[in-house]
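Residue numbers (the numbering used here), protein chains in the order written: chain A, 1 to 406; chain B, 1 to 230; chain C, 1 to 567.
We treat Cβ as the ideally placed atom computed from N, Cα and C, and that holds for glycine.
Taking it in order: structure first as structure tokens, then the write-up.
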Amino acid sequence: MVTEATSPEFLAKLEARGVSRRSFMKLCGSLAVAAGLSELAAPRVAAAIENSVIGAESGKLFPVIWIEGASCTGCTESFAQGDAPDPAYIVLEMISLNYCETLSAAAGWSMEEAKEQTIEAGNYILIYEGAVLEGWDGQALRVANEPGTDILAHAAKNANAVVALGSCAVNGGWMAAHPNSANALGVQGFLKKQGIDTPVINIPGCPANPEWVTSVLVDVLLVGQLPELTSENKPKVTFNQTVHDNCQRRGHFENGEFVYAFGTPEEAAGYCLYPMGCRGPMVKANCGIVRWNRRRSWCVESGGPCIGCCVANPDNPGENWVETNTPFRARFRDLRIGGAMVQPEAIAWTVTGILAAALVVHGFGMKKAGRTDGGAPFEKEREWDMKHPNESIGIYTLDDNSKGGN
Amino acid sequence: MAHLAHYKQAHPLPMKVTHWVNLCCMALLIFTGFLIHFPFWAALTGVARGVHVFCGIILVLNCIVRIVLSFLLTSSPTGGTRNMVRDFKTYLPQADNKHQLIPWIKYYLFIKKDHPLSAKLGVPQKLSYLFVCLLIFIMGYTGFCLWVPTASWTFFAAGTSLVGGMMSMRIIHYFLMFVFICFSMIHIYLVFIEGTANAANMLAGKEHGGLVYDPERHCIIGEDHSVDAH
Amino acid sequence: MARSIIDPVTRIEGHLRVEMEVDGGVVTDAWVSGGCFRGMELVVQDRTPEDAAHIVQRICGVCPVSHTHASSIAAEAAYGIVIPNQARIIRNLVEGGQFLHSHILWLYTLAALDYVNPLNALNANVGKAYDLMEAAGTSCNTDLKSLMSTLTKFANNGQLSIFSGGWFLDGLAPEAFKLDPEADLICTAHYLEALNMQAKASEICGLIGGKMPHIMTLVPGGTAFVPTEEKLDELYALVRELRDWIDSTMLPDTKIIAAAYPEALGFGRGCGRYVAWGVFQRPNFEMADRYMPSGVVYTNGELRLEDVDEAAIKEYVGHSWYVGDSDLNPREGVTDPLYTEYYVAGTEHEENGHMVGTVNDRYTWSKGPSYNGECMEAGPFARVLAAYLRGGEKNQYVVNSLDKLMADLGLTLPQLQSTLGRVAARQVECSYIAHLMVDWVDELIAALKEGDSEYFRAPEHLTGSGTGFWEAPRGALYHTEHVDNGRITGYQIIIPTTWNIAPRNAEGVRGPMEQALIGTPVTNVDAPINALRTVHSFDPCTACAVHVSEPATGKHFETVTSPWGVR
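Below, the structure written as structure tokens:
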């Protein structure tokens with residue numbers, strides 16, 4: 001009975017690590033006792049632990065691999081601060097988070113092994129956080145002595161779907177901003193290059209809101225399907241309306257009540273931050289609805305104008321939120337001309353100013369030339385006609401019966 | 001006095017109306033555009049967007065109407081005559097304009113002393129009007145790319161993603177407004193710099209005497225002051 | 001002789017590799033390699049200091065507030081701004097929220113699983129566990145019985161989720177986990193509570209900053225957050241709840257762990273030199289007078305404190321993946337990233353089922369900062385030492401707490417220079433900040449009552465240079481910038497973990513973490529648990545640690561972003 005429940009491969013693996021079968025079964029026995037089962041139940045627990053390493057083959061939890069790319073761990077942090085459902089519930093009762101560099105108990109080899117086994121078994125979701133760095137053949141990001149690009153490609157191939165979590169994973173995020181020295185790009189762009197066609201769900205945000213992650217997990221685990229996506233493969237339910245559409249200060253915008261400087265009475269009154277460079281009208285995300293940190297507040301409520309951290313075109317690392325939205329306090333992004341950063345407004349006003357000045361100068365010229373009072377006298381004959389008398393379009397020789405004026 | 005005579009036939013009433021519409025729409029669009037870009041006059045911002053969208057749609061429709069009218073109606077091909085031709089012909093190259101682009105530029109640069117002979121519209125004028133017509137359509141397109149109700153239509157969303165997102169589209173829309181502003185500045189300057197008779201004719205239909213031009217012979221053939229008020 | 005490698009080091013922020021030579025059961029040589037290069041300083045080049053304050057937060061999702069704070073201090077120095085008093089208090093609060101968050105997260109979510117075996121908790125007797133709780137004086141907010149049934153259900157389901165491959169599993173290093181099942185059960189309960197409490201601490205940052213990580217309202221010149229009564233009463237409740245939980249849970253739990261692992265006092269000493277720039281401003285804005293004051297600490301016979309001198313800081317790149325081997329003050333930093341192989345070509349071979357080789361001269365993306373030519377350790381332990389050595393009335397809380405902790409555990413100050421000492425010192429600071437938070441909310445309310453309503457000041461001038469000496473939860477943080485007419489022309493960051501995971505210096509002297517690893521006992525080279533405990537005691541934050549200096553004239557980056565964003 002005992003041997004039946006425990007696969008020979010697994011025992012061989014244990015023995016290779018110097019663990020006798022006996023000591024393994026002893027652990028299982030004590031677990032079973034603790035679990036309120038009799039010693040006889042030990043084989044069941046043994047099977048459970050064996051499979052748990054493999055992850056996908058049994059149990060009711062859906063296997064998930066969470067890989068940190070070139071990240072700041074902010075999206076993990078954000079996820080760990082959710083409460084509906086809270087992360088403890090998610091990782092103990094909803095998904096089997098077999099690999100997560102921030103939360104996993106394992107480290108080093110045992111960690112990589114848990115991932116490898118999950119990948120081999122298939123039928124898992126890959127959550128990838130952070131940018132993909134192609135710099136130095138992928139060595140700009142090194143994990144387990146391997147370039148990060150190889151790790152992603154390997155883990156993505158077998159996955160049911162890849163969740164590109166956070167703006168960095170969607171298109172490189174701030175790392176893709178000028179000069180993009182590590183050659184950052186997003187998961188979708190990278191997989192396309194590699195010819196891997198695993199579906200990608202893009203969840204932008206810096207960081208991504210935990211609600212956005214769990215809503216995707218709910219779709220996948222409870223409803224059993226991938227969420228409906230926009231043309232940028234972002235979940236429609238979250239990214240189909242602008243921040244402005246659902247902003248609590250929208251009423252002040254409509255009333256024309258604005259904050260023009262930090263620390264003013266208008267700010268204390270909670271007026272609209274549009275003149276402070278708020279990117280709400282241009283950025284699609286439902287921040288104002290889901291709010292942040294357990295619905296405690298969100299950017300605009302706290303007085304911070306939206307900086308558009310959800311702007312991320314998965315097919316174009318250059319269209320990342322930093323490049324698109326800096327300077328955050330100006331109404332427009334800067335244009336990079338040569339080495340200088342210029343505001344489009346400055347260019348537009350300069351050109352217009354120069355033209356206005358030129359017209360004034362021209363006007364004085366016209367006056368001096370005596371043309372302001374009805375213009376200069378007409379030429380008697382077109383210049384071209386004079387040079388080409390045979391092809392002349394005008395007939396200038398007036399015969400005697402010419403009519404008209406005095 | 002070197003003007004050609006300004007006759008009503010140069011700008012029949014429907015053209016005057018569309019010109020008026022253009023003038024009002026553009027002025028309002030520019031003003032409300034600045035207001036939307038930055039709410040410098042906070043109390044008006046609520047109204048500004050409605051007016052902006054309305055004027056934008058009217059401007060595009062007016063442009064279409066004006067094009068259609070140019071095929072239906074007639075107007076005089078040059079100043080100083082009451083002869084009539086299909087209006088669209090006055091926007092396309094005419095014999096009267098032939099070889100006159102360089103002389104026009106030379107005239108405005110004070111290299112050429114005499115006023116070039118021309119059709120109703122000079123060569124640079126013709127080019128800029130055709131360009132403005134195109135600009136109105138591009139402006140309308142970029143505007144619809146930015147307007148929330150239409151921004152997600154595939155036809156507009158495709159353009160937005162082509163130029164690199166909403167922010168780029170806004171900048172393009174904003175830059176194009178300055179092209180309008182620059183055009184208007186030059187347009188108004190040139191209309192008034194040599195006197196107001198031309199504008200009075202266009203806007204109010206006031207006739208004004210001057211030289212008589214023969215569209216058959218493509219040259220000035222005399223003077224007519226019979227329409228001048230005494 | 002055997003090679004022992006931890007890669008990836010988990011339960012940290014970022015990517016870190018630790019490679020050790022083990023001889024006779026102890027570590028005899030070590031290489032610590034930062035695994036990721038992102039290029040932050042280049043991104044903020046030519047942008048505004050206001051933008052930079054937002055962008056640099058993205059270095060780290062655990063300590064974003066410290067980065068935006070240090071960046072704002074640097075910008076204010078360049079702009080000639082002294083922030084209003086209200087802004088100072090609000091900033092202390094948002095920074096404090098992050099410190100509490102980070103310290104709770106570190107002890108339970110990151111470090112605890114090196115000491116606590118949650119599966120062993122299944123063997124616990126619930127009744128005995130309650131007795132132990134009472135005896136240890138630790139808090140009891142969880143129904144242990146229902147927790148047991150949740151854990152049992154979890155074990156029965158058979159998937160280990162985040163415990164997959166944990167070193168407490170059979171075959172790895174279960175014998176190294178020494179808590180009783182009852183203590184494991186209590187710590188598991190607190191592990192789960194802590195997940196909730198770290199999020200609560202973050203709610204303070206979210207409340208003031210809009211969202212956390214990456215807050216929105218800490219801006220050069222002050223704060224964009226203006227407190228309303230509604231926000232104040234939320235704050236008032238949050239800081240009290242956190243203080244009470246921290247006092248009743250974290251210090252007692254630390255003592256439970258310390259009692260079970262006395263050997264952790266015997267390894268992980270490190271270089272014995274410490275830097276702290278100080279954190280939490282008092283009204284006079286003096287570095288040496290901050291709530292956690294600045295100081296450079298040496299151990300020469302006895303511990304001795306010096307004031308900070310910016311000119312003594314240098315960064316060396318000769319053992320990192322950058323061009324050249326310059327050793328410059330960060331204000332003159334010149335660097336080109338250039339990856340060369342980790343192992344010397346041709347030396348890679350299989351050992352114990354894994355590929356190993358001879359580590360190259362250049363083996364990390366992290367640079368090597370030094371103070372007066374020597375590597376230094378940064379972190380809460382450095383701060384606590386600085387405060388303890390400064391003493392005086394203002395540092396009374398830290399002095400008393402540390403004295404009490406040492407008395408409770410029967411330790412001397414030199415014994416704290418160890419893996420376990422770092423763990424314990426962090427708790428002293430955490431409790432101090434939790435108490436300060438309550439004071440600051442009261443201070444804010446009192447100032448409001450006085451009619452103080454200034455939160456933001458505009459720049460005096462748009463050209464200048466400034467440095468922000470500050471602290472992240474994991475140690476000394478330094479941002480410096482040159483601003484020309486409102487645009488950044490040079491930006492430099494030295495991050496706490498860069499100090500700690502520095503590679504060898506020009507003379508071949510190992511970095512602080514490498515030194516701390518030497519002598520650490522390792523019985524199973526596949527699961528070097530004591531080494532992992534030592535690494536975790538530094539609370540590494542490697543995504544922070546790797547960065548580049550301001551580019552010199554010869555920067556060679558292939559990718560250029562066009563004005564329209566199309567590459």
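For residue 26/C, the enclosing beta strand (DSSP E) starts and ends at 26 to 34.
Taking residue 108/B as the centre and dropping the five residues before and after it, the same chain places no C-beta closer than 7 Å to its C-beta.
Straight through space, the alpha carbons of residue 296/A and residue 329/A are spaced by roughly 25 Å. In this structure, residue 368/C and residue 310/C do not form a Cβ contact; the two beta carbons are roughly 18 Å apart against a cut-off of 8 Å. Residue 185/A and residue 318/A have their C-alpha atoms roughly 9 Å apart. Leaving aside the five residues that flank residue 70/C on each side, the residues in its chain whose CB is nearer than 6 Å to its CB run, in chain order, 468, 470, 477 and 479.
For residue 49/C against residue 78/C, the beta-carbon gap comes to about 7 Å, under 8 Å, which counts as contact. Per DSSP, the continuous beta strand (DSSP E) segment holding residue 480/C begins and ends at 475 to 484. Selection 177/A, 157/A and 205/A evaluated against residue 192/A yields 157/A as nearest (Cα-Cα). The C-beta of residue 282/A comes closer than 9 Å to at least one C-beta of chain B. In chain A, no part has a C-beta under 9 Å from the C-beta of residue 467/C; the shortest such distance is about 23 Å. Residue 166/C holds the alpha-carbon nearest to the alpha-carbon of residue 529/C among 166/C, 118/C and 375/C. Fully enclosed beta strand (DSSP E) runs of no fewer than 3 residues occupy 62 to 68 and 95 to 100 of the stretch 57 to 122 of chain A, in order along the chain. Measuring C-alpha to C-alpha distances from residue 386/C to each of 293/C, 527/C, 147/C and 245/C identifies 293/C as the nearest. In terms of Cβ geometry, residue 183/A and residue 134/A form a close pair [threshold 9 Å]. A distance below 9 Å separates the beta carbons of residue 259/A and residue 272/A.
Its Cα nearest to that of residue 147/C, the residue 193/C stands out among 193/C, 483/C and 347/C. Residue 239/C is not a Cβ neighbour of residue 177/C, given a cutoff of 9 Å.
Nearest Cα to residue 71/B within the set 193/B, 154/B, 87/B and 169/B: 87/B. Using a CB distance below 7 Å, the part of the stretch 164 to 194 of chain A facing chain C consists of 174, 175, 177, 178, 179, 180, 181, 182 and 183, ordered along the chain. Neighbourhood of residue 182/B in chain A, by CB distance below 8 Å: 351, 352 and 355, in chain order.
Relative to the Cα of residue 248/C, the nearest Cα in the group 38/C, 400/C, 435/C and 453/C belongs to 435/C.
Using a Cβ distance threshold of 9 Å, residue 488/C and residue 47/C count as a contacting pair. Residues of the stretch 302 to 314 of chain A with a Cβ closer than 7 Å to any Cβ of chain B, in chain order: 311 and 313. Residue-level contact by beta carbon fails for residue 60/A and chain B, as no gap is shorter than 9 Å. DSSP places residue 297/A in the strand class (E or B) of the three-state scheme.
Counting other Cβ atoms within 10 Å of its Cβ, residue 188/B stays below 16 and is therefore classed as exposed. Within chain B, the residues 37, 167, 170, 171 and 174 have their CB atoms less than 9 Å from the CB of residue 332/A, given in chain order. In terms of Cα proximity to residue 123/C, the closest of 405/C, 188/C and 289/C is 188/C. Near chain B, meaning a CB-to-CB distance below 8 Å, no residue of the stretch 63 to 95 of chain A qualifies. Comparing C-alpha distances from residue 323/A to each of 75/A, 180/A, 118/A and 129/A shows the shortest one belongs to 180/A. The contact set of residue 46/B on chain A, defined by CB atoms closer than 7 Å, consists of 254, 255 and 256 in chain order.
In the DSSP assignment, residue 335/A forms a beta bridge with 342/A.
Residue contact check for residue 451/C against chain A: no CB pair falls below 9 Å. A distance below 6 Å between beta-carbons, with the five flanking residues on each side excluded, links residue 524/C to the following residues of its chain, in chain order: 173. Going by DSSP, residue 469/C is part of no alpha helix (DSSP H) but of the beta strand (DSSP E) stretching over 464 to 472.
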